[in-house]
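Quick mapping for you: the protein sequence lines, in order, are chains A and B. The numbering used here puts the first residue of the first sequence at 796, with every later residue one more than the last. The numbering used here puts the first residue of the second sequence at 573, with every later residue one more than the last. Each residue gets a CB set at the ideal place from its N, CA and C atoms; glycine is no exception. In what follows, a single structure is set out as structure tokens and then discussed.
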Amino acid sequence: MNRALPILRRLGTLLAVIVLSTFFLSCLLRLLPTDLVDMILSFGTPEEKAALRRTLYLDRDVFTSYFMWFKDFIRGDMGIIYGTGGGETVWSHVTRSLPISLIIMLYTQILALVIAVPLGIFTAYRAGKKSDRIISNTLFTASSVPNFALAFLLIIVVGVKLKWFPTLEYIGFKDDPFQHFKHLVLPCVSLGVGLAASYTRLLRTDVIAALKDDYVTMAASKGLSDSRILLTHVFRPASVTLLTAAALNMGALIGGTLVIENIFAIPGFGFEIAYALATKEFVALQSFIAITAIGYVIFNVTADLLIGIVDPRTRGSR
Amino acid sequence: MKSGLWKKMRRFSIPTLLSIAWLAIIGLIAIVYPILSSTDPKFVYENDLGVGPFTNGHLFGTDTNGYDILRELLHGTRLTLLVAVVAVGVGGAIGSLIGILSGYVRGKIDAVVNIIFSAVLSIPNLVLALALVAVLATAPDVNSTVSNWRKVFVVVLALTIVIIPILGRIARGATLSWSNREFVTAAKSMGAKNSTILWKHIVPNVLPAVMAIAFLAVGVVIVAEGSLSLLGVGIPDGNSWGAILAAGRNDMEYTPHVVYFPIIFIALTVISCNQIGDVIRQSLDRREARI
């Protein structure tokens, strides 16, 4: 019971945050300077408009309409894309585009870790030396470069001039695994470099701190090998930092993916959001953004819980 | 005083000095350039369409419309920095006010403020800015268009709202930890008024932490503004760096320099802001460690 209580409290906060943020979006829709129904059905008869108003729950007050919307939303009934004449549901767009974005984010995280872990440990071992200073300073600069800037540079240099990698389109893994990866190299690199840089910095600080800790000296005096110490005594607490960093950077990664998908013409979730924006599909937009927010919150809470599992020291304090 | 400042400057590393120099230069450009320059940034050089850098007196070349890139960039500096400074300044002021008060008062009000901040922060900042811009920049009537000034205003407003919880949360966290210090307890036991404690003891200690993050926030806002432009809902007509970039990306294959230069301006500014923010944070950490 004692251990479940903090988790329950966290879940309560989680629910409150999700409800509040989606409610906030609902209110935002009401703030539109124009009538949503008139916008969707500019040439509709009054009866048609009244019917649409009922389906969108705009004839109720803010709170009732929000809860009706949320009930439908949970069941996956998110309305239709009005620009297509009502033929396509919002849900079908979500199921089509969301996996693509998730794949991109997954590859980006893997890429960032593959770069960051060896570099972080290396720079920590050589802390204060010249190689550390050069790498650390370069990484700090790299972490500040906006990902769209990197994307454009890569497109021009690697894509257009050298023609090594394609710069447009997305190809599914099932269709052609080789082309699938080839098409995702540039987007994932432009997203991953900044991420890798900030992971490396955090990992470096952490490993330096851990190497000074008593239990590392203890392990060394027991005669454990360097690699054993590194893996079990240094890397385990350091991975907590990585999880925290991943959680902290997730928001930026989601925003980055949104822009990068539009630059590389990848039909992912960010592309859908931008499309909904351009075509003023506010009904779809509300659900899209709600999904983004919910996914982000759940990711953060999961990361928090994982930290408790990985690092026993933090269990009591939460 | 002057020698003290000089001493302080010498302590900074070269990257920090370069960052300060770059920010000073673009700050100066933002203030002075539109006053001194009488030429129209949208002047069309009909004989030099899409020429590369260093041709016919065009230091950065021209785009396919015949606009001089350097002139456009210098002209766009004012709006770019204005958006960033206003969004961070106003958003930071409102956020700090809410954060400091709720962190000081604690209790139920603080819990509510914290959950509201969490809720707003649960939407990734670019997505939130997009949603706000989308809603607020919609024309009241289907047939009318939205004026450019309104678009700029909406972008600033959206980015301000994005900044409020980011800096608000920093201020709240700092207030929570500072208001537990001995000197605050001492001031309380001596019967000091809450307003005195806030002004004399809390605010001077919290503001540096907010300042450090505010520099990072300027970078975030500049990137967000560029991203909004790339997504087609930012500042219109090439009046900011992001807008120049967005306009240039269509001809990227033929005139890549139209993309390079805005990118360099944006990247250098963001890097400089992050560098300075980092320096402030490090010096704070050192001070913390001493106390």
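Output the distance between the C-alpha atoms of residue i and residue j, rounded to the nearest integer angstrom.
| i | j | result |
| --- | --- | --- |
| K1007(A) | V662(B) | 43 Å |
| T933(A) | T995(A) | 11 Å |
| M796(A) | K1017(A) | Confidence at M796(A) is low in this model, with a pLDDT of 49, below 50, so the placement of that residue should be treated as unreliable; the coordinate-derived value is given next. If you take the alpha carbons of M796(A) and K1017(A), they lie about 38 Å apart. |
| S816(A) | I695(B) | 7 Å |
| M877(A) | V655(B) | It is worth fixing the name first, because residue 877(A) is Tyr in this sequence and not Met. Rounded to whole angstroms, Y877(A) to V655(B) spans 34 Å at the Cα level. |
| T652(B) | A706(B) | 20 Å |
| N686(B) | S674(B) | 9 Å |
| V677(B) | S812(B) | 41 Å |
| L826(A) | K614(B) | 35 Å |
| L820(A) | A764(B) | 43 Å |
| G874(A) | S1082(A) | 9 Å |
| D1099(A) | E825(B) | 45 Å |
| I848(B) | V857(A) | 45 Å |
| K772(B) | T732(B) | 28 Å |
| G791(B) | L1038(A) | 24 Å |
| A991(A) | A1004(A) | 20 Å |
| L897(A) | L809(A) | 21 Å |
| I1084(A) | A1073(A) | 15 Å |
| I895(A) | F973(A) | 16 Å |
| I774(B) | S751(B) | 7 Å |
| V1029(A) | P913(A) | 13 Å |
| M762(B) | A1015(A) | 53 Å |
Can you name the start and end residues of the alpha helix (DSSP H) that residue i belongs to?
| i | result |
| --- | --- |
| H630(B) | Here H630(B) belongs to no alpha helix (DSSP H), and DSSP marks it neither H nor E. |
| M1045(A) | F1030 to I1058 |
| H888(A) | V885 to Y920 |
| D833(A) | L831 to I835 |
| D682(B) | G679 to L693 |
| L979(A) | P972 to K1007 |
| P776(B) | V775 to L802 |
| Y639(B) | From DSSP, Y639(B) is part of no alpha helix (DSSP H); its letter is neither H nor E. |
| S767(B) | N766 to I769 |
| S1082(A) | F1077 to V1105 |
| W594(B) | I586 to L608 |
| G740(B) | N720 to W750 |
| S821(A) | A799 to R825 |
| V952(A) | Here V952(A) belongs to no alpha helix (DSSP H), and DSSP marks it neither H nor E. |
| D927(A) | K925 to S939 |
| I816(B) | W813 to G820 |
So that I know if they touch, is there some Cβ in chain B lying closer than 8 Å to that of residue i?
| i | result |
| --- | --- |
| S1112(A) | Interpretation of S1112(A) is limited by its pLDDT of 46, a score under 50 that renders its predicted location unreliable; the figure taken from the coordinates is listed afterwards. Judged by the 8 Å Cβ criterion, S1112(A) is not in contact with chain B. |
| S926(A) | no |
| Y1091(A) | yes |
| R933(A) | Inspection of the sequence shows that residue 933(A) is occupied by Thr rather than by Arg. Chain B, which has no Cβ nearer than 8 Å to the Cβ of T933(A), makes this no. |
| F819(A) | yes |
| M796(A) | Low confidence applies to M796(A): its pLDDT is 49, below 50, so where it sits in the model is not reliable enough to give any reading. |
| T903(A) | no |
| A1042(A) | no |
| P913(A) | no |
| A1073(A) | yes |
| F943(A) | yes |
Could you tell me which chain A residues have their CB closer than 8 Å to the CB of residue i, listed as they occur along the chain?
| i | result |
| --- | --- |
| N720(B) | Within 8 Å Cβ-Cβ: nothing; N720(B) doesn't reach chain A, min ~17 Å. |
| I687(B) | T808, A811, V812 and L815 |
| G791(B) | S939 |
| A815(B) | Simply none; closest approach about 13 Å. |
For chain A, check one thing: does any of its Cβ atoms lie closer than 8 Å to the Cβ of residue i?
| i | result |
| --- | --- |
| G732(B) | The amino acid occupying residue 732(B) in the given sequence is Thr; Gly does not appear at that position. So, not an interface residue. |
| M573(B) | Here the model assigns M573(B) a pLDDT of 45, short of 50, so the residue's position is not dependable and the matter cannot be decided. |
| A839(B) | yes |
| S694(B) | yes |
| N697(B) | yes |
| L770(B) | no |
| L856(B) | no |
| M762(B) | no |
| M783(B) | no |
| E644(B) | no |
| G648(B) | no |
| G679(B) | no |
Residues of chain A with CB under 9 Å from residue i, in chain order?
| i | result |
| --- | --- |
| G567(B) | Shown here, chain B extends from 573 to 863; a query on residue 567(B) therefore has no answer. |
Cβ closer than 9 Å: which chain B residues qualify as neighbours of residue i?
| i | result |
| --- | --- |
| I1058(A) | L802 and R821 |
| V1078(A) | Going along chain B, no residue has its Cβ under 9 Å from V1078(A), so there is no contact; the nearest lies around 12 Å. |
| P801(A) | Here the premise fails: no neighbours, minimum Cβ distance about 16 Å. |
| V885(A) | Ordered by position in chain B, no residue passes the 9 Å Cβ test against V885(A), which lies about 15 Å from the chain. |
Taking Cβ-Cβ distances shorter than 8 Å, what residues in chain B pair up with residue i?
| i | result |
| --- | --- |
| I1068(A) | V699 and L702 |
| T1000(A) | The contacting residues do not exist; T1000(A) stays about 11 Å from chain B at best. |
Anything in chain A within Cβ reach of residue i, meaning under 7 Å, just list it in chain order.
| i | result |
| --- | --- |
| E754(B) | None at all; the shortest Cβ gap to chain A is about 23 Å. |
What in chain D is Cβ-close to residue i, meaning under 9 Å?
| i | result |
| --- | --- |
| I742(B) | The structure shown contains no chain D; the protein chains it does contain are A and B. |
Check: Of all the alpha helix (DSSP H) runs that stay within the bounds of the stretch 641-673 of chain B, which reach a length of 4 or more residues?
Finding: none
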